[in-house]
Amino acid sequence: MPDQSSQTGAVSPRRRGRPVQIDHETREAMVLDAVGELLTHCRLEDISMSGIARKVGMSKRTLYTIFASREELLGATFARIGRRIFRPLESDERGLPLSDRLDKLLTLNEIPQFEQGAVEVLRAVIAEAPIHPGIARQWDAEGRGALIGYISAELACAAQAGEVTLHEMAATEAAELLVDMVMGEVLHDLLNPHERHPDPCLPREDKQIRRRRAIRVFLEGVRLR
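Going left to right, the sequence shown walks through residues -8 to 216 as the working numbering numbers them.
Here's what the structure looks like:
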């Protein structure tokens, strides 16, 4: 007997199969993407596990199987941002002169959506630190801490090779000194949130000038006499 659906032109309904299973790594990336997007237009204190779950389209129970707490989730988000901003040298950059290697390490990879709100996020992290210290620790470890680690390794190698003398400083101390010289004092920005440079293109050039001047002054202080 011919199929009635073929005679009428109707399409037979497909049987529903099992929903596509998403692996843990993909789920985690989806959650971190959602939190990163929320950070661009929400205050940190307004970002909740319920809101994140809604944003991703999963239940709060499922979200808690990926991240055990809001503190853990936000810490992982800031760690991911830090890994994108600060990076180690590529293999083809390791043969560069020390000044160029330091310049590469201290040139931060910019994330456009955080350029305007970075100080605000930092202010919120500091405000939450007494209540959720893990968020602040991870922000520091994966951000400034990672950068100091990369620079410390380069300075230790340069000292061992006789390129520089660290004047009885540990390589980590010297790296912290250089990072502070390049990054400047963020306290001014935290205390003056409404001050913005009128031309958004100039700050990037200013950072480059400051970075290269700081590296030059630093290397002059540690070069062998």
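Here a beta-carbon is modelled for each residue, glycine too, at the ideal position from N, C-alpha and C.
How would you label residue i, buried or exposed, when you count the other beta carbons within 10 angstroms and need 16 or more for buried?
| i | result |
| --- | --- |
| residue 204 | exposed |
| residue 200 | exposed |
| residue 39 | exposed |
| residue 176 | exposed |
| residue 16 | exposed |
| residue 208 | exposed |
| residue 52 | exposed |
| residue 133 | buried |
With DSSP as the reference, label residue i as helix, strand or coil.
| i | result |
| --- | --- |
| residue 177 | coil |
| residue 78 | coil |
| residue 229 | This structure leaves residue 229 out entirely; the chain is present only between -8 and 216. |
| residue 34 | coil |
| residue 86 | coil |
| residue 98 | coil |
| residue 124 | helix |
| residue 143 | helix |
| residue 59 | coil |
| residue 161 | coil |
| residue 27 | helix |
| residue 41 | helix |
By DSSP's criteria, residue i is part of a beta bridge. Which residues make up the other side?
| i | result |
| --- | --- |
| residue 112 | Looking at the DSSP assignment, residue 112 forms no beta bridge with any residue, so it has no partner. |
| residue 213 | The partner list for residue 213 (beta bridge, DSSP) is empty, contrary to what the question assumes. |
| residue 155 | 214 |
Report all residues from its chain with a CB closer than 7 Å to the CB of residue i; omit the five preceding and five following residues, and keep chain order.
| i | result |
| --- | --- |
| residue 157 | 146, 150, 165 and 213 |
| residue 68 | 23, 26 and 27 |
| residue 78 | 100 |
Below 6 Å CB to CB, which residues in the same chain sit around residue i once its five sequence neighbours on both sides are set aside?
| i | result |
| --- | --- |
| residue 89 | 149 and 154 |
| residue 125 | 62 and 66 |
| residue 193 | Confidence at residue 193 is low in this model, with a pLDDT of 45, below 50, so the placement of that residue should be treated as unreliable; the coordinate-derived value is given next. The answer is none, since no qualifying residue turns up. |
### Message
Any contact between the region 19 to 34 and the region 55 to 74? By contact I mean 3 or more CB pairs, one from each, below 8 Å.
### Response
By the Cβ rule, the region 19 to 34 counts as touching the region 55 to 74, because three or more pairs are nearer than 8 Å.
### Query
Does the region 80 to 94 come close enough to the region 115 to 129 to have 3 or more Cβ pairs within less than 8 Å?
no
### Query
Is there contact between the region 131 to 145 and the region 92 to 103, where contact requires at least three CB pairs shorter than 8 Å?
yes
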